[in-house]
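A short worksheet on the structure shown next.
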Amino acid sequence: MYIASFKNCLRKSFDGILVSYPIAQVGEAYTVAENRIKAFVKDIIECMFGEKPAKVIDTNPLSSDTISRQIGELTENAKATLISRIKSTKFSLQMVESTEDAGLAILLVSVRYPYSDYFHDDLLLCKPLPTTANGTEIFELLDEFFSENSILRNNCVDVCTDGAKAMTVSCLVQLQK
Numbered sequence: 038m039y040i041a042s043f044k045n046c047l048r049k050s051f052d053g054i055l056v057s058y059p060i061a062q063v064g065e066a067y068t069v070a071e072n073r074i075k076a077f078v079k080d081i082i083e084c085m086f087g088e089k090p091a092k093v094i095d096t097n098p099l100s101s102d103t104i105s106r107q108i109g110e111l112t113e114n115a116k117a118t119l120i121s122r123i124k125s126t127k128f129s130l131q132m133v134e135s136t137e138d139a140g141l142a143i144l145l146v147s148v149r150y151p152y153s154d155y156f157h158d159d160l161l162l163c164k165p166l167p168t169t170a171n172g173t174e175i176f177e178l179l180d181e182f183f184s185e186n187s188i189l190r191n192n193c194v195d196v197c198t199d200g201a202k203a204m205t206v207s208c209l210v211q212l213q214k
């Protein structure tokens, strides 16, 4: 009985996000789970309960593929939650264009929206831009994202940028149509 419930607990923890989420939070290499964490857990279980329960650890996958898949599932879940929240309320956008060291231009769009009696700020979109991006290209990128996720443009009440007024006016006019 004890071994069966122990196996069930281990399976839930290894199949779920118990290990993947902390790895994603600290940005560790996914191999840390297989190479370090699994070995530590096995040693602790063997020390506390003996060799037979410790062998259960070997039957639970913690490869980099498993961790990568679980982190991907966490990301998709967070995205779906955010999109479902902003579909049903008014929101505002803040857009920032950033350039990486390699010269890649990136558009970062954060969204501010009311939820559960508080305003929340979340990263909505992070997409690469052509090096000569203008307001029209930014609008097209946002419009594509809104269409793919069935987000009503009319719910966007304001757009703020990092100072590029010409880009903002063009984009805001398009969003309001």
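Every number in my numbering is 37 more than the matching position in the sequence shown, counting from 1. Ideal placement from N, C-alpha and C gives every residue a C-beta, glycine not left out.
**Report entry** Whole-angstrom distance between A91 and I74, CA atom to CA atom
**Finding:** As a working note, residue 74 is residue 37 in the sequence shown. As a working note, residue 91 is residue 54 in the sequence shown. If I take the Cα positions, the gap works out to 13 Å.
**Report entry** Length-filtered (3 minimum) beta strand (DSSP E) runs lying within the segment 112-175
**Finding:** 128-136, 142-152 and 155-166
Query raised in the report: In chain order, what residues of the same chain lie with their CB nearer than 6 Å to the CB of L162, ignoring the 5 residues before and after it?
Result: Counting from one through the sequence shown, the residue named residue 162 turns up at place 125. Cβ within range, chain order: V146 and F182.
Report task. In the DSSP assignment, find the unbroken alpha helix (DSSP H) run with D80 in it and report its ends. Result -> The residue you call residue 80 lines up with position 43 of the sequence shown. Residues K75 to F86.
Report task. Less than 8 Å between the CB atoms is what I'm expecting for M132 and T198, so what's the real figure, rounded? Result -> Numbered from its first residue, the sequence shown carries residue 132 at position 95. Numbered from its first residue, the sequence shown carries residue 198 at position 161. Contact holds; Cβ gap of about 5 Å.
Query raised in the report: Would you call the CB atoms of N192 and T126 closer than 8 Å?
Result: Residue numbering aside, residue 192 sits at position 155 when the sequence shown is read from its first letter. Residue numbering aside, residue 126 sits at position 89 when the sequence shown is read from its first letter. Yes; because the gap between Cβ atoms is below 8 Å, this pair is in contact.
Requested in this report: With DSSP as the reference, label D195 as helix, strand or coil.
Outcome: Taking the first residue of the sequence shown as 1, we reach residue 195 at position 158. Reduced to three states, the DSSP call for D195 is strand.
Query raised in the report: When burial is assigned at 16 or more other CB atoms within 10 Å of the CB, is I81 buried or exposed?
Result: The residue labelled residue 81 in the question sits at position 44 within the sequence shown. By the neighbour-count rule (16 or more Cβ atoms within 10 Å), I81 is not buried but exposed.
Requested in this report: Kindly indicate which three-state DSSP category S187 falls into: helix, strand or coil?
Outcome: Residue numbering aside, residue 187 sits at position 150 when the sequence shown is read from its first letter. Coil.
Query raised in the report: Under a three-way DSSP split, which group does T96 fall into?
Result: Reading the sequence shown from its first residue, position 59 is the one you call residue 96. If DSSP states are grouped into helix, strand and coil, T96 belongs with coil.
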